Structures are given as structure tokens and as C-alpha cells.
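Below you'll find the structure, written out as C-alpha cells, and then a few comments.
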Amino acid sequence: MNTHKDFFHFVSHTPPLLKMSRIIHPGPIIEGKKKERHIHKIHHMDNQLIVLNNPGKKDILYLKKKYNFHPIHLEDVSSTLQRPKIDIEENYIFLVLHFPHFNHETHKIESNELDLFLTKNDVIAVKHHPFLPFDEMVKNLCNKKKERVEFFEKGAGFLLYRLIDNLVDSIFPLLDQIDKGLELIDKEVYTKSPKNVVENLSFLRRNVIVFQTFIRPEMNAFLTINEIHHPLMDKELKTYFTNITDHLKKIWDRLEDINELSGNLSSNFESYVSYKTNETIKVLTVFSVILLPLTLLSGIYGMNLANLPLADHPLAIFIIGLFMFSIVTSMLIFFKIKNWI
2 MNTHKDFFHF VSHTPPLLKM SRIIHPGPII EGKKKERHIH KIHHMDNQLI VLNNPGKKDI
62 LYLKKKYNFH PIHLEDVSST LQRPKIDIEE NYIFLVLHFP HFNHETHKIE SNELDLFLTK
122 NDVIAVKHHP FLPFDEMVKN LCNKKKERVE FFEKGAGFLL YRLIDNLVDS IFPLLDQIDK
182 GLELIDKEVY TKSPKNVVEN LSFLRRNVIV FQTFIRPEMN AFLTINEIHH PLMDKELKTY
242 FTNITDHLKK IWDRLEDINE LSGNLSSNFE SYVSYKTNET IKVLTVFSVI LLPLTLLSGI
302 YGMNLANLPL ADHPLAIFII GLFMFSIVTS MLIFFKIKNW I
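Counting in the numbering used here, the sequence shown runs from 2 upward without gaps.
So, in C-alpha cells, the structure goes:
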């Protein structure tokens, strides 16, 4: 069994939530105009969530005309290579967040980037790839009125918090799967071949390190929330976002624990392999030492020389054999006394 292929059970690919543009209200679904292709909206009261899937030039132009976002931020949402950050502007707050997922094709931890704008009444989410936890959440907001009311009831800022909080919570099952993977490797240490164990352990540790590179800058970004002075980020909302920071710290602490455990497991495995190797070498050395005098004696009597001791004796073969046996027995007793075998 290839552990690195089996210890995660986390779906990382799903078709786009909506293939055609729609404006989604609490009531009937209405087809959107062609110029809003790729843009999906969920309205409730005075607030709305706008989702852009893989935005093109027309979508970026739409954001520029309607919200007058800074050109740098519009450039950021066109790229998927941004580091997590929180930028403050006069009329809006811009966030770049990364959420890890497991790619079942490459068996590696990868990241889904989600760009978010918070305005007075709207939250705009921009993504470039299918993102299962987010897509499922948007689908539920479309179809479940109760959940939609819970998300939207306290305004756009609270909506942003609920979206991020749910996405951060979706990371914990992935951590659980990494824990299970580590347990599987621990069980394989004494049953599987060293090659498999090393491969699986290396894969897990690589994924944990990559995981940490996604979480650390995001955690640092949210630590600055209390320093933000902006009408859209009041004291109550800061309290909610502090909860997200706490969750990210928990994730980071668990990753640190997993990293430490995997490091200890790696050290123990190296010690075990070294012990097994030394045992094998010890056995081979004992055989070599025992065979050395026998080989020497056989070599001497194999020479074509005259006057060798016992060479003409009728029982020479039995005497020499007994002598060889006594040598082997003596050496084995000596090795046993010394605890070498």
C-alpha cells in the first residue's frame, strides 16, 4: 500500500458551481446579462455576495466601473501568485487568502487562493479554480434560506467573517487525515520495507512543510486585525475575526506537533534501520571470522607439499575435521561469552 496515496480523504476537485451567469435572489433564479458572464450574485436585504469564477477582462472591468477598486488590487485578482495579505483602502478592505487542499493526482498539498473585497454592503469573492468548501458554502447560501439569513443578518462585514471562518474550519479535517497518515506510517515502520517507509514519511513531511508555508503568512495577516482602524471593521467585527486568528493558531500548533512527531518517528526509524543493519553486519562478521581459520587450514592441506602433519595418517580426514569442529565450537563459545551473538 502506498500510504501517501491513501492517508488523505479530502476531495480537491469539483466542477464549477455555476456554468452560466445567474443573479441569485432569495426568491426565483433569474438569468443574468451576457456582460456579467462568470459573475454570480446572492442578495439578502441590503447586502450581497458576488462570486467571480476565473474572471476575465470584462469581469475586472465590471469591478473597476462599479466599485472603483485600486488598479493594483484589480491586478492582484487577475493573478494566482499573491501572498496572503490584508490591505486597507478608504472605501473597502482587500484580502488575499490561501486555503490548503490535497491534490489526489499529485498526492501533494496545494493551495486555493481566494481574493475578497469588503465594501459597505457587498462582499466580492474572486477565485480561479474549483474550490469545494467554498463552492458548497455558496451552493447552500443559494438553496437554504435559513443559512442565508444567518450569514447576511449582521451586514457585509459579518458575512465576510462567516465565509472565512467556515473555510478555516474546513482545514481541520485535512489535519485529521494527516494525523491518520502519520499513524499508518508508524504502524508500517516494523512491517514494511524501509524504502516504502522512507518514501511515505518524506511525502508526509513535505506536505506538512508546504501546509505551514500557507498558514504562517495568513496567521500573521490576521494578527494585524486589531490594528485596523476603518469604518468597515468595528470593535464587534474585530472580536469575530479574533476567533479566526485563534483557529489559525490552533492549526499552526497542530502542524508543529505533527512536524515534531514525524521528526521523532524519522529519527526512531533511522535508529531501527541502523540497528538492523548492524545486526546483519555482526552476523556476517561472525561467519567470516569463523570461516577464516577453516579456510587457512584447508588451504595449507590443499598445497602439494611433502611431510605435512598427519598427511599420511589413515584417519587424517577425521582428525582434521574434528580439529576444525573444535575451532568453530571454541569461537562460538567465546563470542557467546562476549555477548557478540
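All residues carry an ideal CB built from backbone N, CA and C; glycine is no exception.
All of these numbers come straight from a predicted model, not from anything done at the bench.
Quick one: grab the DSSP three-state call for Asp88. Secondary structure at Asp88: strand, using DSSP grouped into helix, strand and coil.
Let's see if you can read the secondary structure: which residues bound the beta strand (DSSP E) around Phe95? Note, Phe95: beta strand (DSSP E), Ile94 to Asn104.
Other residues of its chain near Asp170: CB distance less than 8 Å, five sequence neighbours each side excluded: Cβ neighbours of Asp170 beyond the five flanking positions: His248.
Tell me the rounded alpha-carbon separation between Asn122 and Lys155. Answer to the nearest angstrom: the Cα atoms are 11 Å apart.
What does the alpha-carbon distance come out to for the pair Gly57 and Asn69? Cα-Cα distance, rounded: 17 Å.
Taking the alpha carbon of Leu292 as the point to measure from, which residue in His105, Met234 and Met325 has its own alpha carbon closest? Out of His105, Met234 and Met325, the CA that lies nearest to the CA of Leu292 is found in Met325.
Contained alpha helix (DSSP H) runs [length at least 4] in the segment 95-172, N- to C-terminal order: For the segment 95-172, the continuous alpha helix (DSSP H) assignments of 4+ residues that do not extend past its boundaries occur at 133-144, 146-153 and 157-170, in sequence order.
With a cut-off of 8 Å on the beta carbons, I'd call Leu160 and Gly182 a contact; round off their distance for me. Rounded, the Cβ-Cβ distance is 35 Å, inconsistent with contact.
Under a three-way DSSP split, which group does Val52 fall into? Residue state, collapsed to three classes: strand.
State buried or exposed for Ile73, treating a residue as buried only when at least 16 other CB atoms are found within 10 Å of its CB. Exposed.
Applying the 10 Å Cβ sphere with the 16-neighbour rule, what's the burial state of Tyr63? Looking at its Cβ environment, which holds 16 or more other Cβ atoms inside 10 Å, Tyr63 is buried.
On the DSSP bridge list, what partners appear for His231? His231 is bridged to Met234.
Hey, which unbroken runs of the alpha helix (DSSP H) at 4 residues or more fall wholly within the segment 241-296? Listed in chain order, the alpha helix (DSSP H) runs fully inside the segment 241-296 amount to none, counting runs of at least 4 residues.
Supposed contact pair Ala157 and Val52 - C-beta distance, whole angstroms, cut 8 Å: Not a contact, Cβ separation roughly 14 Å.
Can you tell me the Cα-Cα spacing of Phe153 and His231, whole angstroms? Cα to Cα, Phe153 sits roughly 20 Å from His231.
Nearest-angstrom Cα separation, counted from Gly264 out to Met234: The alpha-carbon atoms of Met234 and Gly264 are separated by roughly 41 Å.
8 Å Cβ shell around Trp253 - same chain, five flanking residues per side excluded: Cβ within range, chain order: Gln213, Ile216, Arg217 and Met220.
For Pro111, which of Glu271, Tyr162, Val209 and Leu168 has the nearest alpha-carbon? Residue identity differs from the one stated: residue 111 is Glu in this sequence, not Pro. It is Val209 whose Cα lies nearest to the Cα of Glu111.
Span separating the alpha-carbon of Glu106 from that of Leu295: Taking the straight line joining both Cα atoms gives about 59 Å.
The alpha helix (DSSP H) that contains Val190, what's its start and end? For Val190, there is no enclosing alpha helix (DSSP H), as DSSP gives it neither H nor E.
How many Å lie between Gln344 and His108 at the Cα? What the structure shows of the chain is the stretch from 2 to 342, and residue 344 is not part of that stretch, so it cannot be assessed.
According to DSSP, simplified to helix, strand and coil, what is Ile342? Coil, per DSSP.
In this structure, how does DSSP classify Met220 when only helix, strand and coil are distinguished? Met220: helix per DSSP, three-state reduction.
Among the candidates His99, His41, Lys239 and Lys236, whose CA atom is the shortest distance from the CA of Val139? When only C-alpha atoms are compared, the closest one is His41.
So for Pro174, helix, strand or coil by DSSP? In this structure, Pro174 counts as helix in the three-state DSSP scheme.
What does the alpha-carbon distance come out to for the pair Arg38 and Phe132? Low confidence applies to Arg38: its pLDDT is 44, below 50, so where it sits in the model is not reliable enough to give any reading.
Just to confirm before moving on: does the CB-CB distance between Pro195 and Val274 stay below 8 Å? Yes. Within cutoff.
Tell me the rounded alpha-carbon separation between Ser299 and Leu309. The straight-line gap separating the alpha-carbon atoms of Ser299 and Leu309 is approximately 12 Å.
Between which two residues does the alpha helix (DSSP H) carrying Leu64 extend? Where Leu64 is concerned, the enclosing alpha helix (DSSP H) stretches over Lys58 to Tyr68.
If you draw a straight line from the alpha carbon of Met332 to that of Val290, how long is it in whole angstroms? Going by C-alpha positions, Met332 is about 9 Å away from Val290.
Give me, in chain order, the residues of the same chain whose beta-carbon lies closer than 6 Å to that of Lys34; leave out the 5 immediate sequence neighbours on both sides. Confidence at Lys34 is low in this model, with a pLDDT of 40, below 50, so the placement of that residue should be treated as unreliable; the coordinate-derived value is given next. Closer than 6 Å at the Cβ level, and outside the excluded window around Lys34, lies no residue.
Under a Cβ-count criterion, where at least 16 other Cβ atoms within 10 Å of its own Cβ denotes burial, should Lys67 be classed as buried or exposed? Flag for Lys67 reads exposed.
Tell me the rounded alpha-carbon separation between Lys59 and Leu262. A straight line joining the alpha-carbon of Lys59 with that of Leu262 spans about 49 Å.
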